[in-house]
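Below is one structure, written out as structure tokens; the observations come after it.
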Amino acid sequence: ISGGKQLNEERPCPCGSREAYGVCCQRFHTGEAIASTPEQLLRSRYTAYYAKIPEYIADTTHKQSSEFSGTRSAYLTSVKQTQRRMDLQKLQIIKQDAGRVDTEHFITFKLEFYDTKAKGEMVERSEKSRFLLEDGKWYFIDSEFVE
Numbered sequence: 007i008s009g010g011k012q013l014n015e016e017r018p019c020p021c022g023s024r025e026a027y028g029v030c031c032q033r034f035h036t037g038e039a040i041a042s043t044p045e046q047l048l049r050s051r052y053t054a055y056y057a058k059i060p061e062y063i064a065d066t067t068h069k070q071s072s073e074f075s076g077t078r079s080a081y082l083t084s085v086k087q088t089q090r091r092m093d094l095q096k097l098q099i100i101k102q103d104a105g106r107v108d109t110e111h112f113i114t115f116k117l118e119f120y121d122t123k124a125k126g127e128m129v130e131r132s133e134k135s136r137f138l139l140e141d142g143k144w145y146f147i148d149s150e151f152v153e
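The numbering used here puts the sequence shown at residues 7 to 153.
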């Protein structure tokens with residue numbers, strides 16, 4: 007399923023959970039399970055970016071997200087461009103906050119990655135992402151950079 011870095015089900019999952027990929031994010035990527043919490047969704051999306059699995063990113067992005075531009079095909083192209091640019095190294099969850107309603111959740115996190123378009127320099131970036139629960143499934147909807 008991976009077009010990028012090889013994932014080994016017995017090795018630690020790239021998401022930083024300290025679990026093996028085979029018992030962590032793999033079940034979400036193969037469709038055997040759906041993320042039951044926003045944190046599981048964030049971690050599995052991070053690993054999908056890491057391993058270049060754009061279909062999983064598209065499947066877990068809310069259709070009303072501003073990032074879901076036009077057609078699924080156009081969005082997949084955009085995701086692939088991002089995946090090529092970012093050589094992900096580390097995900098650190100900073101804090102989680104409940105939304106105004108039970109179906110909304112926020113996670114602030116920090117990414118460390120090599121930017122392949124900026125001469126491979128290491129970049130640290132913090133983001134606050136918003137997730138929505140719809141029809142029993144969590145989706146990413148939007149994100150903003152934070153200091």
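Note that the Cβ used here is the ideal one computed from N, Cα and C, for glycine as well. Please read all numbers here as calculations on a predicted model, not as lab measurements.
- Taking the CA atoms as reference points, Tyr27 sits about 15 angstroms from Lys58.
- A residue is called buried once 16 or more other Cβ atoms fall within 10 Å of its Cβ, and Gln98, having fewer, is exposed.
- Just so you know, the alpha carbons of Ser23 and Tyr56 end up roughly 14 angstroms apart.
- Around the beta carbon of Val85, 16 or more other beta carbons lie within 10 angstroms, which makes this residue buried.
- Taken through DSSP and simplified to helix, strand or coil, Glu130 comes out as strand.
- Residue environment analysis places Pro60 among the buried positions, since at least 16 neighbouring C-beta atoms fall within 10 angstroms of its C-beta.
- Inside the stretch 31 to 104, DSSP marks whole alpha helix (DSSP H) runs of 4 or more residues at positions 32 to 35, 44 to 57, 60 to 65 and 78 to 91, from first to last along the chain.
- In this structure, the CA atom of Glu130 is about 11 angstroms from the CA atom of Glu153.
- Across the structure, Tyr62 and Ile147 are spaced so that their CA atoms are roughly 14 angstroms apart.
- CA-to-CA, the gap between Gly105 and His111 works out to about 5 angstroms.
- Annotation: the continuous beta strand (DSSP E) that includes Lys143 extends over Lys143 to Val152.
- Burial state of Ile100 is exposed, judged by a 10 Å Cβ sphere holding fewer than 16 other Cβ atoms.
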